[in-house]
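In what follows, a single structure is set out as structure tokens and then discussed.
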Amino acid sequence: MIGKYKLELITVIAVLAFIVLFLYTSAGGKYEFTGSDDAGSQKIGELTGHPVASFTPVIPQYVPPSGEIESTLFALQASAGGLVLGLVFGYWLGQRKRVSVT
Amino acid sequence: MHIMEGFLPWQWCIVWWLIAIPFLILGIRELRAMMRNDREYLPLLGVCGAFIFILSALKLPSVTGSCSHPTGTGLSTLCFGVFITSVIGAIVLLFQALLLAHGGLSTLGANMVSMAIGGPLAGYAVYRLLRDTKTAMYLTVFLVTVVADLATYVITSFELALAYPAQAGGVLASFEAFFVIFAVTQVPLAIVEGCVLALVFKYIVTLKPEILIQLNVFSEDQIALARSRAGDIPPAEAES
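Protein chains in written order, with my numbering: chain A, 8 to 109; chain B, -19 to 220.
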């Protein structure tokens, strides 16, 4: 029984460990959990001696006006993926069922 | 792993774009050939692409106290190789550059080289190394995914180190600094991603083993062995 679901078990343990690790690191309130992209930009500022704000886009770009709108767009990206995923697995499952009946 | 718009000198933007373009051209060619001749692979392509979309939208917290996102390119690399993966990765990065201000058009070349090309190349190397050995199939999938994810962030660190060598210690010193920011953050994320994608691969093996055999991702024997271990088919059938 466990042999059959070994991979599932390992994945659940990995996800749980990940969550516990997060709870542990976030407990002290020491970290802000900003994006590593921003941390990278910060480092570039440090290395060059220019403040981060002085880096202007080479090609003008659209910036989401707020974090809310940004999170909507990210959710949209993930849900587009989820939609395709569900569609294909559903299609495959349906195909398999039809074969087993005939 | 996004290098933000404006944070890469234009000379480097051009260099990375020039490296990325051939991969995109070959990838688009392979994709068009597949759409003409092998339409039965398209659902699997959808699944692989879907995971790149989903996973690269999830910004997860890590031990270093900052957040980063997995790349999800391992599955596509296994099934379709580096070139097609580079096209899917490029689409995701383009979406994020145009609408989310994560990365930008000038740095898109560099970001493609790290996430859509370099990561998959490293993952593919692991796949070629392990495929014909006795390594368990799902372990191979796990390792390919982890390496593709981690390599992406190592390459980003390298790209930034080349553009911004530290005054004391040069490229190597600043590589180390960026490595801590990007790659170390990524380690726990990559491990979880590896587990998840290995699990997804297991479900593909259960539902559509014939596609994986046709694409020659793994040999028929390897897939039969994995299925019998999962209790999917009786062991006797696996040995025949």
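Note that beta-carbon positions come from the ideal geometry of N, C-alpha and C, so glycine has one too. Model, not experiment: these values are computed from the prediction.
What span of residues does the beta strand (DSSP E) with Ser48(A) cover, start to end?
Where Ser48(A) is concerned, there is no enclosing beta strand (DSSP E), although the alpha helix (DSSP H) it sits in stretches over Ser43 to Thr55.
Distance check for Phe181(B) and Phe14(B), CA to CA, integer angstroms please.
This sequence places Met at residue 14(B); Phe is not what is there. Rounded to the nearest angstrom, the two C-alpha atoms are 21 Å apart.
In terms of alpha-carbon separation, which member of Met117(B), Leu24(B), Ala96(B) and Arg209(B) lies closest to Trp(-4)(B)?
Ala96(B)
Could you spell out where the alpha helix (DSSP H) holding Ser221(B) opens and where it closes?
Residue 221(B) lies beyond the stretch modelled for chain B, which goes from -19 to 220, so this question has no answer here.
I'd like the list of long-range same chain contacts for Phe77(B), defined as Cβ closer than 7 Å, with 5 residues on each side in sequence excluded.
The question names Phe, but residue 77(B) is Ala in the sequence shown. Counting only Cβ-Cβ distances below 7 Å, and skipping sequence neighbours, we find Gly83, Gly84, Leu85 and Leu88.
For Val27(A), go through chain B and note every residue whose CB falls closer than 9 Å to its CB, in chain order.
Ordered by position in chain B, no residue passes the 9 Å Cβ test against Val27(A), which lies about 11 Å from the chain.
Less than 9 Å between CB atoms is the rule here; does Gly10(A) satisfy it with respect to chain B?
yes
What in chain A is Cβ-close to Ala210(B), meaning under 9 Å?
Gly10, Lys11, Tyr12, Lys13 and Leu14
Are any of the Cβ atoms in chain B nearer than 9 Å to that of Pro71(A)?
yes
Within the continuous beta strand (DSSP E) that includes Ser48(B), where are the two ends?
Ser46 to Ser48
Check the Cβ-Cβ distances between Gly74(A) and every residue of chain B, and say whether any is below 9 Å.
no
Are the segment 152 to 170 of chain B and the segment 37 to 53 of chain B in contact at 8 Å, needing three or more beta carbon pairs?
yes
Three-state secondary structure (DSSP) of Ala178(B):
helix
In chain A, which residues lie less than 9 Å from Pro59(B) when you measure between Cβ atoms?
Just to set this straight, residue 59(B) is Cys in the shown sequence, not Pro. By Cβ distance, chain A contributes nothing, its closest Cβ being about 13 Å from Cys59(B), past 9 Å.
Ignore the nearest five residues each way along the sequence and tell me which others in Leu11(B)'s own chain have a CB closer than 7 Å to its CB.
Ile64 and Val67
Could you give the DSSP three-state label for Pro41(B): helix, strand or coil?
strand
What does DSSP give as the partner residue(s) for Gly150(B) in the beta ladder?
Ala146(B)
Could you tell me how far apart the beta carbons of Gly(-14)(B) and Thr53(B) are, in whole angstroms, since I believe they sit closer than 8 Å?
That belief does not hold up - the Cβ atoms of Gly(-14)(B) and Thr53(B) are roughly 26 Å apart, past 8 Å.
Interfacial residues, the segment 63 to 84 of chain B to chain E, with Cβ spacing under 9 Å:
No chain E is present in this structure, whose protein chains are A and B.
I'd like to check one pair, Phe33(B) with Val72(B): are the Cβ atoms closer than 9 Å?
yes
Note the first and the last residue of the continuous alpha helix (DSSP H) segment covering Gln68(A).
Segment: none, Gln68(A) is in no alpha helix (DSSP H) and carries neither H nor E.
Per DSSP, what kind of secondary structure is Phe198(B) in: helix, strand or coil?
coil
Helix, strand or coil at Asp18(B) according to DSSP, with G and I counted as helix
coil
From Ser220(B) to Leu16(A), what distance separates their C-alpha atoms?
A caution first: Ser220(B) carries a pLDDT of 46, below 50, which makes its placement in the model unreliable, though a value can still be read off. Using only the alpha carbons, I get a separation of about 30 Å.
Using a Cβ-Cβ cutoff of less than 7 Å, which residues in the same chain neighbour Tyr133(B) once the five nearest sequence positions on both sides are dropped?
Met(-19), Phe162, Ala163 and Gln166
Closest by CA to Glu156(B), which one among Glu39(A), Leu94(A), Lys50(A) and Lys11(A)?
Lys50(A)
Between the Cα of Thr51(B) and the Cα atoms of Glu20(B), Thr115(B) and Val124(B), which residue gives the shortest distance?
Val124(B)
Which chain B residues are close to Leu92(A), counting only those with a beta carbon under 8 Å from its beta carbon?
Gly26, Val27, Ala30, Phe31 and Ile34
From Tyr107(B), Ser137(B) and Pro145(B), pick the residue whose C-alpha is nearest to that of Val127(B); which is it?
Tyr107(B)
Sort Leu187(B), Gln194(B) and Ile193(B) by Cα distance to Ala210(B) and report the nearest one.
Leu187(B)
CB contact flag (Met117(B), Phe31(B), <9 Å)
no
Kindly indicate which three-state DSSP category Met(-19)(B) falls into: helix, strand or coil?
coil
Go ahead and label Ser43(A) buried or exposed: buried means 16 or more other beta carbons lie within 10 angstroms of its beta carbon, across all protein chains shown.
buried
Given a threshold of 16 other Cβ atoms within 10 Å of its Cβ, counted over all protein chains shown, does Leu119(B) qualify as buried or as exposed?
exposed
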